[in-house]
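Novice: Count the sequence shown with UniProt numbering and you get residues 1 to 217, in order. Virtual Cβ for every residue (Gly too), placed ideally from N, Cα, C. No experiment lies behind these values; they were computed from the predicted model shown.
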Amino acid sequence: MNTKDPRFPNLHVLTHPLIQHKLSHMREKDTSTRTFRELLREITLLMGYEITRDLPLTTRTIETPLQTMDAPVIAGRKLAVVPVLRAGIGMSDGLLELIPSARVGHIGVYRDPETLEPVEYMVRLPDLAERTFILCDPMVATGNSAVHAVNVLKKRGVADAQILFLALVAAPEGVQVFQDAHPEVKLYVASLDSHLNEHAYIVPGLGDAGDRIFGTK
Ligand code: URA
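1) Roughly how many angstroms separate the alpha carbons of residue 236 and Thr61, rounded to a whole number?
2) Are there any heavy atoms of the ligand COA lying less than 7 Å away from the beta-carbon of Ala181, as far as the coordinates show?
3) How many angstroms separate the CA atom of Ile43 from the CA atom of Leu23?
4) With a threshold of 7 Å (Cβ to nearest heavy atom), would Gly205 be considered close to the ligand URA?
5) May I ask whether a heavy atom of the ligand URA can be found less than 7 Å away from the beta carbon of Ile163?
6) To the nearest whole angstrom, what separates the beta carbons of Met139 and Val169, a pair I think is in contact under 8 Å?
7) Enumerate in chain order the residues of its own chain whose CB-to-CB distance from Leu116 is below 6 Å, with the five nearest sequence positions on each side excluded.
8) I need the boundaries of the beta strand (DSSP E) containing Tyr188, first residue and last residue.
9) How should Met26 be labelled, buried or exposed, when 16 other C-beta atoms within 10 angstroms of its C-beta is the threshold for buried?
10) Just to confirm the assignment: which complete alpha helix (DSSP H) runs, minimum length 4, are found wholly within the segment 134-197?
11) Which whole-angstrom value is the C-beta distance of Val185 and Phe214, which I expect to be below 8 Å?
12) Which residues does DSSP list as the beta-bridge partners of Tyr121?
13) Decide if Asp137 is buried, meaning its Cβ has at least 16 other Cβ atoms within 10 Å, or exposed.
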């Protein structure tokens, strides 16, 4: 299930009840690190299932114990999962369970606490040819890191249509920034929350996703 917001044509809010239920539990402030991480993995599996539903199929001739058949298999393009460090790692694990043959890239970005602008400290990517990229980062807050991560791919020649961005929670301010920068890139989230506060935290949100995944402060 997928709802659309008329303000944001490239935003897809995945409203499956299991996703929503698990997200509510993640938001609770007393949810332990262990449970938070498990729920994020489970949600990512469910979201990964939804966002891969349009992958093209082809057929391959196989032998069952009874006869030969042309069986459906995923066609053509190879997939890469690219977490935006560090919180994106919490989502890439779930995606790789679903798509174990995907290559993995990493984009390291932190948010300068003064300017709130993204600062890049690492980029490692698999070969780009004929590949579809799933970027992941749980929170789209200001949108600056998400825009930056897409820029990293587009600067290297990856087309908009070959990039999907998967997040858990987004603020409308960040989605607007993302949409203005990359109107053709699909952004999938489990929730579009109310707003950003003065410290650029998403409200109601779930706090600092990296700290909650890794148990840091
Ligand atoms: N990053 C987070 O982890 N949480 C927010 O609310 C905003 C940015």
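Specialist: Quick look at the numbers:
1) Residue 236 lies beyond the range of the chain shown here (1 to 217); nothing can be said about it.
2) What this structure holds is the ligand URA, not the ligand COA.
3) Here residue 43 refers to the residue found at position 43 when the sequence shown is read from its first residue. Here residue 23 refers to the residue found at position 23 when the sequence shown is read from its first residue. Taking the straight line joining both Cα atoms gives about 8 Å.
4) As a working mapping, residue 205 is identified with position 205 in the sequence shown. For the ligand URA, at least one heavy atom lies less than 7 Å from the Cβ of Gly205.
5) Position 163 of the sequence shown holds residue 163. Because no heavy atom of the ligand URA lies under 7 Å away, the Cβ of Ile163 does not count as near it: no.
6) Your numbering for residue 139 matches position 139 in the sequence shown. Your numbering for residue 169 matches position 169 in the sequence shown. With 8 Å as the limit, Met139 and Val169 qualify as a contact, their Cβ atoms being about 6 Å apart.
7) To locate residue 116, count along the sequence shown from 1; it is residue 116. Closer than 6 Å at the Cβ level, and outside the excluded window around Leu116, lie Thr142, Ala200.
8) On the sequence shown, position 188 is the one that residue 188 refers to. That run of the beta strand (DSSP E) goes 186-189.
9) Walking along the sequence shown from the start, residue 26 turns up at place 26. Met26 is buried by the Cβ-count criterion.
10) 144-155, 172-181
11) Counting from 1 along the sequence shown, the entry for residue 185 is found at position 185. Counting from 1 along the sequence shown, the entry for residue 214 is found at position 214. With a Cβ gap of about 27 Å, Val185 and Phe214 do not count as contacting.
12) To locate residue 121, count along the sequence shown from 1; it is residue 121. DSSP lists no partner for Tyr121.
13) The sequence position of residue 137 within the sequence shown is 137, counting from 1. Label assigned to Asp137: buried.
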